[in-house]
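Novice:
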Amino acid sequence: MEWGSVFIDGILATIGPVTAAYAISAIGLNLQFGYAGLLNFGHVAFMLVGAYGMAITVDLGGPLWLGVIVGILTAAFLGFLLGLPTLRLRADYLAITTIAAAEAIRLVVRSSWAQPLTNGVFGIQGFADSFFELNPFPPAELYGLGSLVVTGRKLWVMIVGWTVAVLATLLIRRLINSPWGRVLKAIREDEDATTSLGKNVFAYKLQALMIGGAIGGIAGMLLAIEQQNVTPDAYLPQVTFILYVIVILGGAGTILGPIVGAVVFQFLFFTIDALMVNTQANIGWVGDLLTPAAAGQVKLVLVGVGMMVLMVFRPQGILGSREEALIDER
Amino acid sequence: MFWLAAITLVALFPIASFAAGESIGGKLIQTVGEEKTPAEGVTVIVLQGGVEIGTGQSDAEGAWEIPVPAAGVYDAQLDTSTLPDGVGLTDPDKEVLTDITVREGQAKKVIFPLGVGSTSSTSSYERVGALFISGLKLGAIIALCAVGLSLVFGVTGLVNFAHAEMVTLGAVTAYFFHASPAGPQWPLIVAAVPAVLVGAGFGWAQETGLWRPLRVRNTGLVAMMVVSIGLSFAMRHLILIFFGGEPRAYPDFAGQPPIEILGISVVPKNLMTIGVALIVLAGVGLFLQRSRSGTAMRAVADDADLAESSGIDVNRIILITWMLAGGLAALGGIFFGLNEAVQWDMGFRLLLLIFAAVVLGGLGTAYGAMVGGFVVGIAVEMSTLFMPNELKTAVGLVVLIVILLVRPQGLFGTRERIG
Chain A
1 MEWGSVFIDG
11 ILATIGPVTA
21 AYAISAIGLN
31 LQFGYAGLLN
41 FGHVAFMLVG
51 AYGMAITVDL
61 GGPLWLGVIV
71 GILTAAFLGF
81 LLGLPTLRLR
91 ADYLAITTIA
101 AAEAIRLVVR
111 SSWAQPLTNG
121 VFGIQGFADS
131 FFELNPFPPA
141 ELYGLGSLVV
151 TGRKLWVMIV
161 GWTVAVLATL
171 LIRRLINSPW
181 GRVLKAIRED
191 EDATTSLGKN
201 VFAYKLQALM
211 IGGAIGGIAG
221 MLLAIEQQNV
231 TPDAYLPQVT
241 FILYVIVILG
251 GAGTILGPIV
261 GAVVFQFLFF
271 TIDALMVNTQ
281 ANIGWVGDLL
291 TPAAAGQVKL
301 VLVGVGMMVL
311 MVFRPQGILG
321 SREEALIDER
Chain B
1001 MFWLAAITLV
1011 ALFPIASFAA
1021 GESIGGKLIQ
1031 TVGEEKTPAE
1041 GVTVIVLQGG
1051 VEIGTGQSDA
1061 EGAWEIPVPA
1071 AGVYDAQLDT
1081 STLPDGVGLT
1091 DPDKEVLTDI
1101 TVREGQAKKV
1111 IFPLGVGSTS
1121 STSSYERVGA
1131 LFISGLKLGA
1141 IIALCAVGLS
1151 LVFGVTGLVN
1161 FAHAEMVTLG
1171 AVTAYFFHAS
1181 PAGPQWPLIV
1191 AAVPAVLVGA
1201 GFGWAQETGL
1211 WRPLRVRNTG
1221 LVAMMVVSIG
1231 LSFAMRHLIL
1241 IFFGGEPRAY
1251 PDFAGQPPIE
1261 ILGISVVPKN
1271 LMTIGVALIV
1281 LAGVGLFLQR
1291 SRSGTAMRAV
1301 ADDADLAESS
1311 GIDVNRIILI
1321 TWMLAGGLAA
1331 LGGIFFGLNE
1341 AVQWDMGFRL
1351 LLLIFAAVVL
1361 GGLGTAYGAM
1371 VGGFVVGIAV
1381 EMSTLFMPNE
1391 LKTAVGLVVL
1401 IVILLVRPQG
1411 LFGTRERIG
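Chains as they are written, first to last, in our numbering: chain A, 1 to 330; chain B, 1001 to 1419.
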């Protein structure tokens, strides 16, 4: 095994468009979970709805810019739909409903009943052609330093992706430092106190869920554009849990947490995977114990364990402060 | 991981496509003696790991073809209710053809052997009756799993998302003792005993090893829920590593011939599931009403501080609740595996329906969870009368959202529980 090339591949994965998409999605989740204290266990559904909103619009003959708007609006509308029955209730009802909705929506999208619109398990392709027509870099040309090279096509997606990530971060910073953001944090700290100050807690929570969901929808679109393909099985429940690890790792309730978390997580995830596959192939007793496919699952076990360990021992993550991370009992 | 693989793939082939054109198809021909007649308009469903991939109908020549997204292993199921009158499978076990391997670019052909059918015409009475029975069966399974979740919520206030994996663990442990070549190969009924014990033991281990220390640290409930979902995710993939990804059936009771009751054909194991579940649930009810621990459990659920000050050992009661929940979930998992298949994510797939049941009955109420389980089970199965089969799960979600809008405390909950 070439450790040098594993390292290079790890770096490429870390700065690649997929990491940017995860960072953007985590920014949305951070607004919901980190700032508003909302337990959204179905964030992947917002990504799915955003991506399909865009892909279906283009598939029906609309331009890409309209698709992006439709995607953002459908993702925000999903937040409205899920928030309406649950946000007046205790935190666990939102958690139950979102985790259930994420699976149910995916199953409906992949069903043959919805096939006329969503094309079922085969997904929709070729909706992003006009995005790649705007690409100023020759798509097959290689760019980069030394052995760190990417194609012009990928560089274009990377630049757009990270630009959106930076814009989303600036938007969140603006929101959080506004009166609106202060109320949101107050709700997370003490809902009753905020209510007694005359704030409509329900409306603030619903807005946070919808804005966070719309940002998640943008991330879903970016993922779909990068792969030129939307399929329901790219939006498995595990995406949500990976996002939680990213948010908690970076520091829930911090401006830069999601980006730092996404970069660190992606690098660890890639390295651990390469390490596991290598161990499985080269160390006899491990190879006897695990099949290659099983060795590939170890990193997902570690995602779950990481989520538990971080939440128990370092809920503030890399950037957060201890006081802000002590979310109350609600 | 899919996106890392996807990066490599996308770099090589800019547009991921399914141009290779893998498919599964065949011809449905009824053979009676020398006479061969094609069966038209029959629905065939292709599944992978219990999840529907696509459906297709046979044309006038009896030919059908269903495209699949990629090379792999699939199952094909014949929807026998769509067969023309007088046509049936010569071998009832061939209703589902399993482990069909489709190679890259292959148009795989499979055969359903058709002859003179015995269950030629199903009247709507029979169909409704049969769906009601499967609804009762699914409801019994959901109720067994939901009671534990609700009881744990009652005494600790925690919605345990890892409850799904307690269900899977029971089914997988029973599979190990029953059918694994490495296990003792006991009959399923015997193998269920250690499986339920392992489930209760896992409940004990969770409480003493994880949840009690967290309560001592004063961890908030939101943080605890995040921990429980992390536990669920880790457990699920741990089971995937050791059990593998394919669904497996228990050899016992497989392919039971149906019997006729009041004109409805019923598989005996469904009746067994319903019967055993009802007895066990009645036992849980008696335990809660009559025994000291059961009464104490209700007291702790009502007001833990008050219970503690009246001399109840709250930690002991919580421990008993966890063990009871683990055992019941394991039993529910065994029945779920018996009626469908044992698979690494079976508990997670059932979780949505368990949640719907618990919320319908009222979070924290044991009897509510039982009633909710049966209502959700019957509603989900009966919905297939009007809706495509594959939207069943979505019905659970609709039920959940409607209850939350109309009566968030559930049928048996009290108002102040939810606020």
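We put the beta carbon where it would ideally sit given N, CA and C, even for glycine.
1) How should Leu1385/B be labelled, buried or exposed, when 16 other C-beta atoms within 10 angstroms of its C-beta is the threshold for buried?
2) Once you ignore the five residues that flank Met311/A on each side, which residues in its own chain have a CB closer than 7 Å to its CB?
3) Flag Glu362/A as yes if its beta-carbon sits less than 9 Å from any beta-carbon of chain B, otherwise no.
4) So who's on the other strand from Gln1030/B, going by DSSP bridges?
5) What is the residue span of the beta strand (DSSP E) that Tyr22/A lies within?
6) Where Gly1157/B and Leu1221/B are concerned, what is the direct C-alpha to C-alpha distance, given to the nearest angstrom?
7) For Ile124/A versus Tyr204/A, is the C-beta spacing smaller than 9 Å?
8) Is Asp1079/B closer than 9 Å to Val1110/B when the C-beta atoms are compared?
9) Which residues in the same chain have their Cβ closer than 8 Å to the Cβ of Ser1118/B, if we skip the five residues on either side of it in sequence?
10) Anyone know if the C-beta pair for Val1152/B and Met1370/B falls short of 9 Å?
11) Give the DSSP-derived three-state secondary structure of Lys199/A in the structure shown.
12) Among the residues of its own chain, which have a CB less than 8 Å from the CB of Ile1312/B, if the five just before and after it don't count?
13) Any Cβ of chain B within less than 9 Å of the Cβ of Thr74/A?
14) For Ala1394/B, go through chain A and note every residue whose CB falls closer than 7 Å to its CB, in chain order.
15) Alpha carbon to alpha carbon, how far is Val70/A from Phe137/A? Give it in angstroms, no decimals.
16) In chain order, what residues of the same chain lie with their CB nearer than 8 Å to the CB of Leu331/A, ignoring the 5 residues before and after it?
17) Closer than 8 Å by beta-carbon distance: list the chain A residues that pair up with Gly1364/B, in chain order.
18) For Leu1411/B, which of helix, strand or coil comes out of DSSP?
19) Determine, using beta carbons only, whether Tyr52/A comes closer than 9 Å to chain B.
20) Could you pull the DSSP bridge partners for Arg88/A from this structure?
21) When you compare the CB of Arg1212/B with every CB in chain A, is at least one pair closer than 9 Å?
22) Can you list the residues of chain B that Ala95/A reaches, using a CB-CB cut of under 7 Å?
23) Whole angstroms are fine: how far does the CA of Thr1393/B sit from the CA of Asn1160/B?
24) Measuring alpha carbon to alpha carbon, tell me which of Pro85/A, Val68/A, Ala186/A, Phe122/A ends up nearest Ala128/A.
25) Under 9 Å between the Cβ atoms of Ala168/A and Gly28/A?
26) Using a Cβ-Cβ cutoff of 9 Å, what residues of the region 1261–1277 of chain B are near chain A? List them in chain order.
27) Could you tell me which uninterrupted alpha helix (DSSP H) segments, each at least 4 residues in length, are contained entirely in the region 156–210 of chain A, listed from first to last along the chain?
28) Please say whether Met1346/B and Thr1173/B have beta carbons closer to each other than 9 Å?
29) Could you tell me the distance, in whole angstroms, from the CA atom of Asn135/A to the CA atom of Gln228/A?
30) Does Gly1049/B come within less than 9 Å of chain A when only Cβ atoms are used?
31) For Ala1171/B, I'd like the list of residues in its chain whose CB is within less than 7 Å of its CB, leaving aside the five on either flank, ordered along the chain.
32) At a Cβ threshold of 9 Å, is Ala1369/B touching chain A?
33) If Gly1139/B sits next to Phe1374/B, beta carbons under 8 Å apart, how far is it from one beta carbon to the other, in whole angstroms?
34) Closest Cβ-Cβ distance between Gly320/A and chain B: below 9 Å?
35) Does the region 179–195 of chain A come within contact of the region 141–153 of chain A, defined as at least 3 CB pairs closer than 8 Å?
36) Would you call Ala1329/B buried or exposed, if buried means 16 or more other Cβ atoms sit within 10 Å of its Cβ?
Specialist: Checking against the coordinates, here is how it stands:
1) exposed
2) Ile248
3) As shown, chain A starts at 1 and ends at 330. That puts residue 362/A outside it, with no answer to give.
4) Thr1037/B, Leu1114/B
5) Tyr22/A -> not in any beta strand (DSSP E); alpha helix (DSSP H) instead, spanning 17–29.
6) 8 Å
7) no
8) no
9) Annotation note: pLDDT 49 at Ser1118/B (below 50); position unreliable, coordinate value reported separately. Closer than 8 Å at the Cβ level, and outside the excluded window around Ser1118/B, lie Gly1088.
10) no
11) coil
12) Ala1296, Ala1299, Val1300
13) no
14) Ala104, Leu107, Val108
15) 28 Å
16) Coverage of chain A is limited to positions 1 through 330, which leaves residue 331/A absent and any answer about it impossible.
17) By Cβ distance, chain A contributes nothing, its closest Cβ being about 11 Å from Gly1364/B, past 8 Å.
18) coil
19) no
20) BP columns for Arg88/A are empty, so no partner.
21) no
22) Val1159, Met1225
23) 21 Å
24) Val68/A
25) yes
26) none
27) 179–189, 191–196
28) no
29) 14 Å
30) no
31) Gly1333, Ile1334, Phe1336, Gly1337, Val1342, Met1346
32) no
33) 4 Å
34) no
35) no
36) buried
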